[in-house]
Structure formats: structure tokens, C-alpha cells
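**Student:** Pasting a structure below so you can have a look.
This is how it looks when you write it as C-alpha cells:
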């Protein structure tokens, strides 16, 4: 193969939100496949809030991306050559294939197979990918909503939140949302199963939030942390659960930011606050994908995607996430025509 | 009966730690028993850190003690008259009998029967009372220690902590303690099953704490909250559990005090932070008391009591708790001779 694998690498480690200035193109030749390797041609790249954390040097759940390394990213692609008998040319895979045209992969990089029978293969990054899997597993494993309980979701219209809203509604809960704009709040009630939703950028004073949830909150599905979550915590009911699924509202953790202490609320209301990382549950992905696909086929689940085209757009697309610009799950499609190979 | 029931009532609601200045004597006549009532003559009063919370006006797990009302307190006493067939004269009971000589009680006030066969009846307030029950239930239900895991206990030499240490040691854990003096830290290792313990008043800088727990912490059994717990949180290992059993190190919660944000640690290390209130588990008390009594009979559990004599000493004894003066579970014995009746 020629010297044309386009790659986007980390140029300089960002202190806060990542932007295009932290990345650069660094194309490189593709090595020949060794035994056990296979070549994946990326079709769609996933742009995820968690990528900010993968870039930071401090405590995380995974090693930070090294400076000079290809940006870590989930992607859906097709196998174009293989020296691993489990993966055949033409198979569609979901895995850690990075911000590049091609990935010389081994089996550890694969999270799931993508079944084109479940819809367009890009759904492998969205409804059947980390967002849908996170929503399903975190809500059920940690939130454990019971009928008639009150579920409040921060980033309610986001890729994860939009699925949480629909699943909680199907579980016969009262479902409330906080979203980053009036338009997103309107989407929550129109499309994502929420009974009511607010734009948190218009302020979360106790009176306004009290109108949204006059009877408190049993399950706080929190993707933001920070001041948005702070406003909700005092409304938690006895034996409430807080699913910590992200901390998107806090830009940096070094030095450790301060906020209201929670230990008294945890104690007197017997709260349970638990963190969730979907990659702990890879073995259950096929079973959950089947559940989500059945719901989607019956029309019971909608999922919005926000598609951009061109590998070089990936850094700007990531930066846009933290400005709330995306409408649905952010994906970057690698157009067949743009490849040099 | 005569007009001689000595009672200690709340005179003025304390803003922070309670002291003698917040209470007054207010003796009153005893009413005749109605159907369903019985008379308990208090023998031992329990002095508990949680009493501070029962005096505060803000959010709590129970109604605050009203100004002018008898101070809420657990006690062990003997039935001296009864119009409830379930309680006979001579029965020893553990319940909500207050800081007074006699309590005209109904069944709702009883937490457990005290079996003199398990040892002196005052053990009904200690090893077989809230401290022992809390240690057993909170450690096992929330902490769920597995063999070889590392358990760290704040207030390690206290009434609850001393039992947690011994139970965690029996569960084959590595058991570490933080206590409020060098003498208490020494007690932890000499008597309460701890492998090592530190005096937190000598400072909890990362280096000193790192020497105590170089491999981190799997279960933080926290009775303090505040800065003591803050020092331990960064040492929690993936899938660590934080048992929030008290918040003794934080004097007031209005306005809400601030501290380091925990949501990122909760997320990336998949921590579980849960509050525990022993009164949620009253139905299980007889079963747990039997377990604790079996251990104590076999010599596998020691329990220290710090006994004071005289009803009027109760307010000062409570204040002393927050200065760390007690050595073991604080009890006030009501001497038979001091009663006016």
C-alpha cells in the first residue's frame, strides 16, 4: 500500500476544552498486515464528550492519548483485508480505530460487530453504540427506575440523554429533562419521551427548578456534574440514586474544583451515588444491542444524528460539543472520495 | 405517682455543637398510664453524635427536637408498670425513652428487647445497640468487603468504628484506621483489630496518609465527612465503596459548606457512595444482635464503654463527644439513689 493513511494526531495536550489548535495531520504509510491483524477502512468517526477526558493528563479511567499519537476515537468501518480468521473482508465493525482513514487492527480493538440488518451502519456509533448502550445499562443497572418514580436527566436532548428519556418513559416513570437551549428542551418533550424539560442556560434558581420537579427527584441521570447537578441534588428524595455518567459541565479537574458538600445529603436521604463507564460492560453489548434494535424496529425509539463530512473536520466537531452546538449524536463521515489511497 | 419525673429539655436550638447551655431541667408529673402504654424506668442513656443532627432545624432524617421538648435519646430501661400485654414488669427494653427518669411509652418507642443473658443490660446501648448494629449492617450491606480488600475507617476507635475494625479484620481485610489522638490510634491496633492507625489531628498530608495506605482504599467507612474524608477520597481504588455513616467533622450544614468535587472520581473510578441510617433496618436488629452476641461470647469482639453517672451530666457528656473526649461508647447511668420518685 502507498504512503497515504491520513491521520489526525494530538499536537499539544489541551488544558481545558480541546480544539483544532491541539491537533495536526500526520499522514503515514500503512504497514503490511501481520498474522492476527486486519485492516479496517473507517467510514464514520464518533465524536464524544469523553474524548476530552482521554486527552487530559490527570486521573482517568484510561491512559491519556500520547502527544504525537493518533487521536483515540471509536469508529465504524469495514474490513478490507484480514489475517484473523474471525474477521472477513466486508464485515462491519465498531471499535477503537482512531481519527484516521485506515486502522491496522487486532481483535482487542473491536467492541462489537455492526449488523447492517439493524439499520444504517452509522447507527453502530449511536443508538447501538456507546450512547445507546450507556443509556440502557446505566439507567437500568444504577438508576433502577421503578414505575411512577421521577427521573431527571441532565443533557436531556443529547445522544445519551435522548435515549434515557425514552427508556425511562417506557418504564412508566415521570421523566424530566434539563437541556442546553430552548430548542433542545422542546425536542425533549416532542421527540424523546420527556414529560417536561427546561433550558438550563436560562438559570436554575430553586423556584424555576422547583416548578419542573415539585415532587423532587428519585433518579438523577447526570452527564454534567458541576453547577447544573448542584441545583438538582437538594431535590433528591430519600433513597434517590445519582447515576454519574459524565462530567461535561466541568472543564478541568486540576486543581480539584470545589462545590457544595454532598455527604450530609447522602447520609440523611440514604442516597446512592455511583459512577458508570460503559467499557466495563463490553460482554453485554450484543444482548443490549438486540434489545435496542427490537425497540427501534417497533418504532419505540428515535435517535438523532448530527453528521459532518471529512476527516479533517473531526477536531472542530469535538470542540463544538463543548459549546453545545451538536444536534444529536455527532458523527464525522469519511467520504470515499476524499481518501488518498 | 408524684410530680417528680426529672426531664432535660431543649432550651434553645444550638447553631453548631450542642452544650449544657442549650438545655434545662424541666421536671413534670407523670400521667397515669392509658391502655396500650407502659412505664419505663431509664437505667442508661445513650450519648450519640447523631443527637447533634436531631437538634438542628435543617434537612435531616427525622423531625428536629422541639424547643421545650424532652431531649430525644436512646435509653435502656426496665418496665415498672404496663397496660400493654406485650411488655411485662421487669422486661428490659431499648428504645426512644429520652433524657428523663421515666418514659410513658407505647410500642413504637421500642427498638429492641434487651436480653440480660447477653451481658450487662447497658450493652443494649453499645455493642447490641446502634453502634454495633450500625457497624455490622453498614459494613456488610454497603461496604461489602471482600477478603484482602483494604478497609479504612474514620473515627476508628469510636463506638461504631471499633466494631467495624474488628468485623473487617474477621472478614480478612487489611484494616486501617484514623483516630482523634495518638492514644486512640494505639487502641485501634492493640484492641480493635486494625493493622495500622494514625492520629488525624497530627495532619493528613498526602505523604503521611500514603504511608498508612500505600495501596489505596477499597472501602472507606466514613463517620466524619469534611476534611478527614477529603484526604482519603483520592486514594480510593476503582470500584471503591464509601459508606457514609456520619458527618461528625462538619459542625453545621447551613449555609451548605463547600469541599472538593467528587463527581469525577465517582465517575472514572466507578465509586459507589451510599448513606446509611440504622433506623431503616429495625426489623433486622434481633438477627444482628444474635450474631454480635455469639461473637462476643466467643471472645472475638471487645467493646469499650465510657460511663458517667447522673442524669444532669447528659448535656455535658454530649458536648464532650465533639471534643473527642470519650473513650468508647458514651453512656450516662441514672443512679437509683438520685431519683426523686
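Chains as they are written, first to last, in the numbering used here: chain A, 34 to 374; chain B, 34 to 374. No residue lacks a Cβ here, since even glycine has one placed at the ideal position from N, Cα and C.
Under 8 Å: do the region 250-266 of chain A and the region 286-301 of chain B share three or more Cβ pairs, one atom per stretch?
**Tutor:** Touching, yes, given that three or more Cβ pairs across the two stretches are closer than 8 Å.
**Student:** Three or more beta-carbon pairs under 8 Å between the region 142-151 of chain B and the region 42-52 of chain B, yes or no?
**Tutor:** Result no; under three Cβ-Cβ pairs closer than 8 Å.
**Student:** Less than 9 Å between the C-beta atoms of residue 171 of chain A and residue 190 of chain A, yes or no?
**Tutor:** No, they are not a contact pair.
**Student:** Counting only the same chain and skipping the five closest in sequence on each side, list residues whose C-beta sits under 8 Å from that of residue 133 of chain B.
**Tutor:** The answer, listed in chain order, is 38, 39, 40, 41, 75, 103, 344.
**Student:** In whole angstroms, what is the alpha-carbon distance linking residue 64 of chain A and residue 125 of chain A?
**Tutor:** If I take the Cα positions, the gap works out to 21 Å.
**Student:** Under 9 Å between the Cβ atoms of residue 337 of chain B and residue 166 of chain B?
**Tutor:** No, the pair does not count as a contact, with Cβ atoms beyond the cut-off.
**Student:** Hey, residue 302 of chain B and residue 270 of chain B: beta-carbon distance below 9 Å or not?
**Tutor:** Yes, the pair counts as a contact, with Cβ atoms nearer than the cut-off.
**Student:** Buried or exposed, going by whether 16 or more other CB atoms sit within 10 Å of the CB of residue 342 of chain A?
**Tutor:** Label assigned to residue 342 of chain A: exposed.
**Student:** Excluding the five sequence neighbours on either side, which residues of its own chain have a C-beta within less than 7 Å of the C-beta of residue 88 of chain B, listed in chain order?
**Tutor:** Once the five neighbours on either side are set aside, the close Cβ partners of residue 88 of chain B are 43, 46, 47, 51, 97, 98.
**Student:** What residues of chain B sit near residue 277 of chain A, judged by a beta carbon separation below 7 Å?
**Tutor:** By Cβ distance, chain B contributes 296, 299, 300.
**Student:** If contact means a Cβ-Cβ distance below 8 Å, which residues of the region 307-331 of chain B contact chain A?
**Tutor:** Those residues of the region 307-331 of chain B that come within reach of chain A (Cβ to Cβ, closer than 8 Å) are 307, 308, 309, 310, 313.
**Student:** For chain A, find out if any of its Cβ atoms is closer than 9 Å to the Cβ of residue 259 of chain B; answer yes or no.
**Tutor:** Yes - at least one Cβ of chain A is within 9 Å of the one on residue 259 of chain B.
**Student:** Decide if the region 313-329 of chain A is in contact with the region 272-288 of chain A; the criterion is three or more beta carbon pairs, one per stretch, under 8 Å apart.
**Tutor:** Short answer: they don't touch.
**Student:** Indicate the three-state DSSP secondary structure (helix, strand or coil) for residue 312 of chain B in the structure shown.
**Tutor:** Residue 312 of chain B falls in the helix class under three-state DSSP.
**Student:** Just checking: is the beta-carbon of residue 304 of chain B within a distance shorter than 9 Å of some beta-carbon in chain A?
**Tutor:** For residue 304 of chain B, the answer is yes, since a Cβ of chain A falls inside 9 Å of its Cβ.
**Student:** Residues of chain B with CB under 9 Å from residue 171 of chain A, in chain order?
**Tutor:** Those within 9 Å of residue 171 of chain A in chain B number zero; the least Cβ separation is about 11 Å.
**Student:** Would you say residue 283 of chain A lies against chain B (beta-carbon separation less than 9 Å)?
**Tutor:** Answer yes: the Cβ-Cβ gap between residue 283 of chain A and chain B drops below 9 Å somewhere.
**Student:** Does DSSP put residue 258 of chain A in a helix, in a strand, or in coil?
**Tutor:** Note: residue 258 of chain A maps to coil in three-state DSSP.
**Student:** Could you name the residues of chain B that residue 262 of chain A contacts, counting a contact when the two beta carbons are closer than 9 Å?
**Tutor:** Near residue 262 of chain A (Cβ distances below 9 Å), the residues of chain B are 296.
**Student:** Where residue 204 of chain B and residue 251 of chain A are concerned, what is the direct C-alpha to C-alpha distance, given to the nearest angstrom?
**Tutor:** Residue 204 of chain B and residue 251 of chain A: Cα-Cα distance of roughly 34 Å.
**Student:** With a CB to CB cut of under 6 Å and the five nearest residues on each side skipped, what residues in its chain are close to residue 34 of chain A?
**Tutor:** At residue 34 of chain A the pLDDT is 42, less than 50, meaning the model places this residue with poor confidence and gives no usable figure here.
**Student:** Helix, strand or coil for residue 34 of chain B, going by three-state DSSP, please let me know.
**Tutor:** Bear in mind that the predicted position of residue 34 of chain B carries a pLDDT of just 42, short of 50, making it unreliable; the figure below should be weighed with that in mind. Three-state result, residue 34 of chain B: coil.
**Student:** Any chance you could list the alpha helix (DSSP H) runs of at least 4 consecutive residues sitting entirely within the region 204-253 of chain A, in chain order?
**Tutor:** Taking only runs of at least 4 residues, the alpha helix (DSSP H) segments lying wholly in the region 204-253 of chain A are 215-224, 239-245.
**Student:** Applying a beta-carbon distance threshold of less than 7 Å, which residues of chain A neighbour residue 291 of chain B?
**Tutor:** Near residue 291 of chain B (Cβ distances below 7 Å), the residues of chain A are 291, 292, 293, 294.
**Student:** Ends of the alpha helix (DSSP H) at residue 320 of chain A?
**Tutor:** First-last of the alpha helix (DSSP H) with residue 320 of chain A: 318-330.
**Student:** Curious, which full-length beta strand (DSSP E) runs of at least 3 residues does the region 59-93 of chain A contain?
**Tutor:** DSSP runs (the beta strand (DSSP E)) wholly in the region 59-93 of chain A: 71-79.
**Student:** In whole angstroms, what separates the C-alpha of residue 225 of chain A from that of residue 325 of chain A?
**Tutor:** One C-alpha to the other measures close to 15 Å.
**Student:** Quick check on residue 286 of chain A - is its C-beta less than 9 Å from some C-beta in chain B?
**Tutor:** Yes - at least one Cβ of chain B is within 9 Å of the one on residue 286 of chain A.
**Student:** Nearest by alpha-carbon distance to residue 366 of chain A: which of A:80, A:60, A:56 is it?
**Tutor:** Taking only the C-alpha atoms, the option nearest residue 366 of chain A is A:80.
**Student:** What's the gap between the Cα of residue 138 of chain A and the Cα of residue 282 of chain B?
**Tutor:** If you take the alpha carbons of residue 138 of chain A and residue 282 of chain B, they lie about 52 Å apart.
**Student:** Name the residue from A:118, A:262, A:291, A:209 whose alpha carbon lies nearest to the alpha carbon of residue 306 of chain A.
**Tutor:** Ranking the options by Cα distance to residue 306 of chain A, first place goes to A:262.
**Student:** Can you name the residues of chain B whose CB is closer than 8 Å to the CB of residue 280 of chain A?
**Tutor:** Going along chain B in sequence order, the residues near residue 280 of chain A (Cβ under 8 Å) are 296, 297, 300.
**Student:** Could you give the uninterrupted runs of the beta strand (DSSP E) lying entirely in the region 330-365 of chain A, keeping only those of 3 residues or more?
**Tutor:** 338-342, all fully within the region 330-365 of chain A.
**Student:** My understanding is that residue 163 of chain B touches residue 311 of chain B, with C-beta atoms under 8 Å, so please give their C-beta distance in whole angstroms.
**Tutor:** Confirmed, about 6 Å.
**Student:** For residue 116 of chain B and residue 315 of chain B, I'd like the C-alpha separation in whole angstroms.
**Tutor:** Computed Cα separation, rounded: 24 Å.
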